[in-house]
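Going down the list, the sequences are from chains L and F.
Just so you know, we're using our numbering here: the first sequence kicks off at 1355 and counts up by one.
Just so you know, we're using our numbering here: the second sequence kicks off at -3 and counts up by one.
All residues carry an ideal CB built from backbone N, CA and C; glycine is no exception.
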Amino acid sequence: MSVIPYIIPRTFSNMRGNRLSHLMTALTIAFVVLIFGLSTLIYFNLHRLAENYSREIRIVTYIDPALPPEDIEGLKAKVLKLRGVANIRHVTSQEGYQRLVQQFQDEKDILAGLGEDFLPSTLEIEVTGTMYNMGRIRPLVSELTSLPGITDVYYGKEWVERLRQAADFTRLITFAIGGLFLLTTIFVVSNTIKLTIYLRRNELETMRLVGATNFFIRGPFVLEGMLQGLVGSGLAMLALFALFEFLKTQVNFPGFIRFFSPIFLPIPVVTGIIAGSIILCATVSAFSMRQFLRV
Amino acid sequence: MDSPLIELKHVYKSYEQDLTVLEDINLRIGKGEFVFINGPSGAGKTTLLKVILCIERSTKGEVWVDGINLKRLSNSKIPYLRRRMGMVFQDFKLIENLTVFENVALSMEVCGIKKSVIEQRVDQVLKSLGLEIKKRIYPRRLSGGEQQRVAVARAVVNDPLVLLADEPTGNLDAGRAADIMSLFNEISARGTTVIFATHNQELIRSTAKRVIILDQGRIVN
Ligand SMILES: Nc1ncnc2c1ncn2[C@@H]1O[C@H](COP(=O)(O)OP(=O)(O)OP(=O)(O)O)[C@@H](O)[C@H]1O
Ligand SMILES: [Mg+2]
Chain L
1355 MSVIPYIIPR TFSNMRGNRL SHLMTALTIA FVVLIFGLST LIYFNLHRLA
1405 ENYSREIRIV TYIDPALPPE DIEGLKAKVL KLRGVANIRH VTSQEGYQRL
1455 VQQFQDEKDI LAGLGEDFLP STLEIEVTGT MYNMGRIRPL VSELTSLPGI
1505 TDVYYGKEWV ERLRQAADFT RLITFAIGGL FLLTTIFVVS NTIKLTIYLR
1555 RNELETMRLV GATNFFIRGP FVLEGMLQGL VGSGLAMLAL FALFEFLKTQ
1605 VNFPGFIRFF SPIFLPIPVV TGIIAGSIIL CATVSAFSMR QFLRV
Chain F
-3 MDSPLIELKH VYKSYEQDLT VLEDINLRIG KGEFVFINGP SGAGKTTLLK
47 VILCIERSTK GEVWVDGINL KRLSNSKIPY LRRRMGMVFQ DFKLIENLTV
97 FENVALSMEV CGIKKSVIEQ RVDQVLKSLG LEIKKRIYPR RLSGGEQQRV
147 AVARAVVNDP LVLLADEPTG NLDAGRAADI MSLFNEISAR GTTVIFATHN
197 QELIRSTAKR VIILDQGRIV N
């Protein structure tokens, strides 16, 4: 027979005996998890935005007109091998000219007098679209520039850099808030445990005298920590979802991301945050028990 | 008495450096024996029982319980030793926010005994101590004597190998005290070793049992 059936009701009676302190702890945990979740949500959506945007990024390289046409295949092969290159398309002078013709249908005069081959032929390069590759763009550009046969490289530099910085910044903020979350949890959970132990010191002593093991005595406190983690982070996730739904109807996104609809944190991330909170609170409980409860 | 259940060899105990509470205690108590420990207040009776239950560790000397040298017993093994001993504490040590039933049941719960078994056994013990109608009541609403009987119930509920009773009849009238005595006699007859600490001279005078007299931490008889 095991003592577990006796540990669970004991957990609840411990918590009933110290209601206010447990409520405050759960609310504090909820508050920090909410801020952490909000920051994660912002980072997550910025990441998605950047991913969407970087799918649009094209690097255009101009091919040296002096390059013999038979060498172009070799150049394409070299470019394809570079890291971060998803796809390339060779746009010949003629194709480029046709595009212009289409673009200036009504003002054909502009093109008058220009030969079909006045444009250099180009390679249009699609990059693999993840945020983390943003940082790869610059090295990729310099590698492209150094390839023989390529004269010039163009890309949406400013935007790439800006998105990258914003994402880096929110990631940093998320980590900082994560650290704050950790410290706050350690502080409030261990304080609640300290208080419960103080309020229950006679009972804990007596349990020890009648032969209770450490497991029996500590079990309820660890369970209590897990419950606080669950309730606190669960509340936080609910509040975050409500806040998200509310903001979605309130905020007008600027034009260039008009077509971007922000989404809530995916289920695995929500589950991860809740599970992480439970594990964190249980660990803090177990450690504070060791610290405050002498055998 | 070839191998005593409890044996103390040259045991010393001091709480503070220069104050010796137990001094050179040598004692052998056999299985099923019923022993009184008598002596004036402050003689060290409670301390002696605490040393046997490993609540206090002796400062010097050896304490053996059922073949176990307590000096060698690690902290994590202590609970298992205590489960085989029941102690009636002088100050009862009842838990305020548990009912009479729950207080007594606790001794069995820590061992992980099944709920249905606990219920039956606790009811039986409470009944034998005349406490069955108080079973759902909290200790602060009991008289001193009732609290003492709850403490006795908790100590005997596990059918311990050793029963350590620290002044277990101190708050009882003659009738109740006699009930407790006959309960202890019964337990002892079933093979439990009983160590009964009291400063009550009358109780000692009327018994034919072995009496150990402590005075200022020494055995004087
Ligand atoms: N925890 C403690 N710390 C310091 N001294 C203690 C402690 N417990 C007991 N003592 C001292 O040890 C001596 C013996 O105490 P003990 O409680 O063993 O006596 P006793 O024989 O049980 O007395 P009584 O009949 O009054 O219960 C006393 O002088 C007491 O002051
Ligand atoms: Mg005493």
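Boundaries (first-last residue) of the alpha helix (DSSP H) holding residue i
{"i": "F:Ala39", "result": "From DSSP, F:Ala39 is part of no alpha helix (DSSP H); its letter is neither H nor E."}
{"i": "F:Ile200", "result": "197 to 201"}
{"i": "F:Ala170", "result": "170 to 185"}
{"i": "F:Ser10", "result": "No alpha helix (DSSP H) contains F:Ser10, which is instead part of the beta strand (DSSP E) from 2 to 12."}
{"i": "L:Glu1578", "result": "1568 to 1604"}
{"i": "L:Asp1463", "result": "No alpha helix (DSSP H) contains L:Asp1463, which DSSP labels as neither H nor E."}
{"i": "F:Leu66", "result": "F:Leu66 -> no alpha helix (DSSP H), and no H or E assigned at all."}
{"i": "F:Arg150", "result": "140 to 152"}
{"i": "L:Ile1442", "result": "Counting along the chain, L:Ile1442 falls outside any alpha helix (DSSP H), though it belongs to the beta strand (DSSP E) covering 1439 to 1445."}
{"i": "F:Asp20", "result": "Per DSSP, F:Asp20 belongs to no alpha helix (DSSP H); it is in the beta strand (DSSP E), 15 to 25."}
{"i": "L:Lys1435", "result": "1426 to 1435"}
{"i": "L:Leu1558", "result": "1555 to 1563"}
{"i": "F:Arg117", "result": "111 to 124"}
{"i": "L:Arg1364", "result": "1358 to 1370"}
{"i": "F:Asn99", "result": "96 to 105"}
{"i": "F:Pro75", "result": "74 to 79"}
Burial state of residue i (16 or more Cβ within 10 Å)
{"i": "L:Phe1541", "result": "exposed"}
{"i": "L:Val1585", "result": "buried"}
{"i": "F:Leu37", "result": "Going by the sequence as given, residue 37 of chain F is Ser instead of Leu. Counting Cβ neighbours within 10 Å, F:Ser37 comes out exposed, since fewer than 16 surround it."}
{"i": "L:Met1485", "result": "Unreliable placement is indicated for L:Met1485, whose pLDDT of 43 sits below 50; the coordinate value is still reported in the next sentence. Looking at its Cβ environment, which holds 16 or more other Cβ atoms inside 10 Å, L:Met1485 is buried."}
{"i": "F:Asp87", "result": "exposed"}
{"i": "L:Gln1604", "result": "exposed"}
{"i": "L:Phe1600", "result": "exposed"}
{"i": "F:Leu77", "result": "buried"}
{"i": "L:Ser1642", "result": "buried"}
{"i": "L:His1376", "result": "buried"}
{"i": "F:Met81", "result": "buried"}
{"i": "F:Gly63", "result": "exposed"}
{"i": "F:Leu45", "result": "buried"}
{"i": "L:Ile1617", "result": "exposed"}
{"i": "L:Pro1359", "result": "exposed"}
Proximity test, Cβ basis, 8 Å: residue i and chain L
{"i": "F:Leu102", "result": "yes"}
{"i": "F:Ile91", "result": "yes"}
{"i": "F:Glu115", "result": "no"}
{"i": "F:Gly140", "result": "no"}
{"i": "F:Val96", "result": "no"}
{"i": "F:Pro75", "result": "yes"}
{"i": "F:Lys9", "result": "no"}
{"i": "F:Val106", "result": "yes"}
{"i": "F:Lys67", "result": "no"}
{"i": "F:Lys205", "result": "no"}
{"i": "F:Arg201", "result": "no"}
{"i": "F:Arg172", "result": "no"}
{"i": "F:Arg79", "result": "yes"}
{"i": "F:Lys5", "result": "no"}
{"i": "F:Lys111", "result": "yes"}
8 Å Cβ cutoff, residue i in contact with chain F
{"i": "L:Phe1366", "result": "no"}
{"i": "L:Val1357", "result": "yes"}
{"i": "L:Gly1371", "result": "yes"}
{"i": "L:Glu1557", "result": "yes"}
{"i": "L:Tyr1397", "result": "no"}
{"i": "L:Tyr1552", "result": "no"}
{"i": "L:Thr1560", "result": "yes"}
{"i": "L:Met1485", "result": "Per-residue confidence for L:Met1485 stands at a pLDDT of 43, beneath the threshold of 50, marking its modelled position as unreliable; no derived number is given."}
Unbroken beta strand (DSSP E) run spanning residue i, endpoints
{"i": "F:Phe32", "result": "30 to 34"}
{"i": "L:Thr1482", "result": "Run containing L:Thr1482: none; DSSP gives neither H nor E here."}
{"i": "L:Val1507", "result": "1504 to 1508"}
{"i": "F:Tyr134", "result": "Counting along the chain, F:Tyr134 falls outside any beta strand (DSSP E), and DSSP gives it neither H nor E."}
Counterpart residues of residue i in DSSP-defined beta bridges
{"i": "F:Ala161", "result": "F:Val84, F:Phe192"}
{"i": "F:Val207", "result": "F:Phe32"}
{"i": "F:Glu58", "result": "F:Lys5"}
{"i": "L:Ile1413", "result": "L:Ile1479"}
{"i": "F:Ile215", "result": "F:Leu210"}
Using Cβ-Cβ distances below 8 Å, what residues of the region 1562 to 1574 of chain L are close to chain F? Arg1562, Leu1563, Val1564, Gly1565, Ala1566, Thr1567, Asn1568, Phe1570
Taking a cut of 9 Å between CB atoms, which residues from the region 174 to 193 of chain F lie near chain C? Among the protein chains in the structure shown, which are L and F, there is no chain C.
For the region 29 to 59 of chain F, enumerate the residues whose C-beta is nearer than 9 Å to any C-beta of chain L, in chain order. Leu49, Ile51
Identify each residue in the region 122 to 149 of chain F for which the Cβ-Cβ distance to at least one residue of chain L is less than 9 Å, and report them in chain order. Of all residues in the region 122 to 149 of chain F, none has a Cβ within less than 9 Å of some Cβ in chain L.
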